[in-house]
Amino acid sequence: MTDIRLLPSSVVNKIAAGEVIERPASVVKELMENSVDAGARRIDVSIEKGGTELVRVADDGGGIRADELPLAVASHATSKIVTADDLFDVRTLGFRGEALASVAEISHLLLRSRHRDEPAGCQLEVRGGQPGAAVPCGCPVGTVVEVRQLFFNTPVRRKFLRATQTEMGHVTEAFIRIALVHPQIHFALQHNDRSVYDLPAVDSWRERIVTFFGGEIGQSLIPVASDDGQIRWTGYVADPNYSRANNRMQYFFLNGRHIRDRSLQHALGEAYRGLLLSGRYPIAFFRLEMPAGLVDVNVHPTKLEVRFQDGGRIYSRLLSALRQKFLSADLTARVKPAPLPAGADPAGALDPTRSAQHRDELIQWAQGQLEGKPPSAGQASLDAGSSAEVARPAVPAAPPSASPAQQSRLPLSFDRAAGQAPPFRPFPDFGPAARGPLAPRPPQELGRAERGEPPHGVVARSGDEPFSRPHAASQLASSTTGLQVHNRYLITEDEDGVVIIDQHALHERILYEQLREKVLAGALEKQRLLVPEPVSMRPAEAAAALEAKQVLAQLGIEIEPFGGDTILVSTYPAMLANFDPHEVLRQIVESLMTGGGVPQRRDLLDEMLHMIACKAAIKAGDRLTPGEITSLLQQRHYYRDTHHCPHGRPTALVFTREELDKRFKRT
Ligand code: ADP
Ligand code: MG
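Residue 15 in the numbering used here sits at position 17 of the sequence shown, and the numbers go up by one each step.
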């Protein structure tokens, strides 16, 4: 420790910059906010190399007087507040007078401006905090700020810069947060001379939301409003058919400023309780308008967080507005079939026979892989880990007597006759020792059907012998015959009692285990698309996908940037051949972003397998034939963890015989 001394202003500015300017996106945010504060009608943002090379923001706002240019880049110099009292009545986005000074300290900054009352403009350069002389120049009314070589004199910060795409993802998110809430301003964003967004001014907020997030989200938006004379909420929430795996699609704006607030997110979550599956987050866009005096915005350097004087009131206003809305809108009636993928043939996609065929094909294909069946000839060329030609099998012919409804049914293609050996061939790198509970069980552990014995039936209730045959109970492992009720549950028995099975959950678990075996064996085929498929995503999502490029390639998904937020998918896992690449990639990226980084290959695999298994499994509501029921019940014993679906919900409930005896007052 040495003597106490005042820090030189360059150190002060670097410290301030450390708080406010984390990455190029922070510069974009500060400059755009200044332009909004200046009353601009049009704001153009140009970026080079994700902002590490150049951030340029030009506006047609009120401009800066020539003699004030040096002040604009001085620290603690602002035109937005005068006294400390003003701090509690902030009506502008900025007020700390630190941004330009901080940015100028750690970059090469050029500020050119012409005030609306002046005949000519003036410009000023600052390099690493060292201002040059202000020189007159010709320019239109408004301000241009160019920031080059950000962090050139702060190597530690520079080291933390990520790939161009990642930085651009953050820049775009910063752009969206400002452009979203000011639909009356024309905004444009360019990256390396390519236009990313060009958003002419529009009247309604909804229009701007749709420009960013698409018409599908737009159509799902439910308007919400509440006004108690002081606190005014307006906004939109998406109906529960649309949700996300993280809360990044929850936008809150307070008096035109994007904020993050846990309690507001919580209120939103509460309002959706019971409407979304756990782990899913609502989509919402909210503007909160309130007198500036009721909130302190001076608690966070970038003002991302604020402190409400009466947080409880704001929370409850939001929650009650949402609850009332949800009560009045019959949300259950809104549940629609899953949205069609872009470019899909609507007639075909809605045809249940066809979608069931897709499932059949997928499952049969996987079955062929599991059992080592030689592939049949196919349309697409597949690079199987090696480059073997593998193809999807033809759709199995339905029995001639089957009704159209029956034809569309999934014939549980992993079906194996009773008495056949469990379905696993040890894969070379997945030997019996590693397989633990998956290894074939000794015969005494197997169910009757697996031992080749005739299955027990579930007998109709008659007299004093409800549901099972007591004399057989001692030998019972578990039955492979069951009864389907309500087209969704199967009722069967095992040695403990009566078992009620959720048919979808069980089938999902079985498919999941089967696919996982195959994938772990390293036999993941990829299919090269004849024409690479462009998938457009949100910028941050595109960045996340590209960052995980290597991992995705291991999964058989090869992607390339295709300019802007579009990604080209050139190969695709063959087992996903029947699913829409947009949807699959979007779901994968969602899980990537939720994890906050590049997940392990295993996690991604798991995520994908869950997805396929869920999509391919029979659904609640599918009527099953006795053969299908038997097949499903048999397979229940071949896999581990079949008592839970991959999401962790139980697949079966057991009512023990003791319990039944007690209820029937037999004991
Ligand atoms: P703050 O925005 O907190 O006041 P800044 O360092 O961002 O601090 O800007 C300093 C001052 O420079 C602002 O108060 C404003 O007067 C002026 N200024 C900055 N950018 C612009 C702009 N685009 N148009 C007009 N004036 C600007
Ligand atoms: Mg500012």
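C-beta atoms are modelled at their ideal positions from N, C-alpha and C, and glycine is treated no differently. The structure displayed is predicted, hence computed values, not measured ones.
Query	Result
So, using beta-carbon positions, are residue 172 and residue 23 closer together than 8 Å?	yes
For a test of the three-state rule: what should DSSP assign to residue 5, helix, strand or coil?	coil
Could you pull the DSSP bridge partners for residue 111 from this structure?	120 and 141
Buried or exposed for residue 500, going by 16 or more other Cβ atoms inside 10 Å?	buried
Classify residue 371: buried if its beta carbon has 16 or more other beta carbons within 10 angstroms, exposed otherwise.	Residue confidence for residue 371 is low, a pLDDT of 35 falling below 50, so the modelled location carries little weight and cannot support an answer.
Please identify the residue among 26, 216, 167 and 60 whose C-alpha is closest to the C-alpha of residue 39.	60
Could you tell me which of 286, 257, 288 and 314 sits nearest to residue 299, measuring between CA atoms?	257
Can you tell me whether residue 296 sits near the ligand GDP, meaning its C-beta is under 7 Å from at least one heavy atom of the ligand?	Of the ligands this structure carries, namely the ligand ADP and the ligand MG, none is the ligand GDP.
So residue 99 and residue 11 are in contact, right, with Cβ under 8 Å, and what is the actual spacing, rounded?	5 Å
Under 8 Å between the Cβ atoms of residue 104 and residue 19?	yes
Measuring CB to CB, does residue 610 end up less than 8 Å from residue 502?	no
Under 7 Å: does the beta carbon of residue 35 sit that close to some heavy atom of the ligand ADP?	yes
If you compare alpha carbons, which of 512, 658, 36 and 56 is closest to residue 93?	36
Counting only runs that start and end within the stretch 201 to 239, where is the alpha helix (DSSP H) found for 4 or more residues in a row?	203 to 211 and 213 to 218
From residue 168 to residue 155, what distance separates their C-alpha atoms?	16 Å
Grab the span of the beta strand (DSSP E) containing residue 525 for me, first residue to last.	523 to 534
Just mark residue 226 as buried or exposed, buried being the case when its beta carbon has 16 or more other beta carbons within 10 Å.	exposed
For residue 682, count neighbouring Cβ atoms within 10 angstroms of its own Cβ and tell me buried if that reaches 16, exposed if not.	As displayed, the chain neither begins before -1 nor continues past 665, which places residue 682 out of reach and without an answer.
With a threshold of 7 Å (Cβ to nearest heavy atom), would residue 667 be considered close to the ligand ADP?	With the chain represented from -1 up to 665, any question about residue 667 goes unanswered, as that position is not in the structure.
Using the beta-carbon count (16 or more within 10 Å), is residue 633 buried or exposed?	buried
For the ligand MG, list every residue whose C-beta falls under 6 Å from any of its heavy atoms, going in chain order.	28, 31, 32, 92 and 97
Residue range of the beta strand (DSSP E) that residue 57 falls in?	52 to 57
Taking residue 556 as part of the beta strand (DSSP E), name the residues at either end of that continuous run.	556 to 559
Determine the direct distance from the alpha carbon of residue 87 to that of residue 305, and round the result to whole angstroms.	13 Å
Could you check if residue 529 is buried or exposed, using at least 16 other CB atoms within 10 Å of its CB as the buried criterion?	exposed
Compute the distance between the beta-carbons of residue 316 and residue 231, then report whether it is under 8 Å.	yes
In the structure shown, what three-state DSSP assignment does residue 654 receive?	strand
Quick one: is residue 45 near chain C, going by C-beta distance under 8 Å?	Any reference to chain C falls outside this structure, which holds one protein chain only.
May I have the straight-line CA-CA distance separating residue 263 from residue 253, to the nearest angstrom?	17 Å
Along the chain, where does the alpha helix (DSSP H) that runs through residue 289 open and close?	Note, residue 289: premise wrong, no alpha helix (DSSP H); not H, not E.
Measure the Cβ-Cβ separation of residue 563 and residue 534 and say whether it is below 8 Å.	yes
How is the alpha helix (DSSP H) around residue 173 delimited, first residue to last?	162 to 177
With a threshold of 7 Å on Cβ separation, who are the neighbours of residue 331 within its own chain once the five nearest residues in sequence on each side are excluded?	For residue 331, the predicted structure reports a pLDDT of 31, less than 50, and the residue's modelled location is therefore unreliable. A value from the coordinates is still provided. Nothing meets the Cβ criterion.
Go ahead and label residue 663 buried or exposed: buried means 16 or more other beta carbons lie within 10 angstroms of its beta carbon, across all protein chains shown.	exposed
DSSP state of residue 497, grouped into three classes?	strand
At the level of alpha carbons, what is the spacing between residue 187 and residue 196?	6 Å
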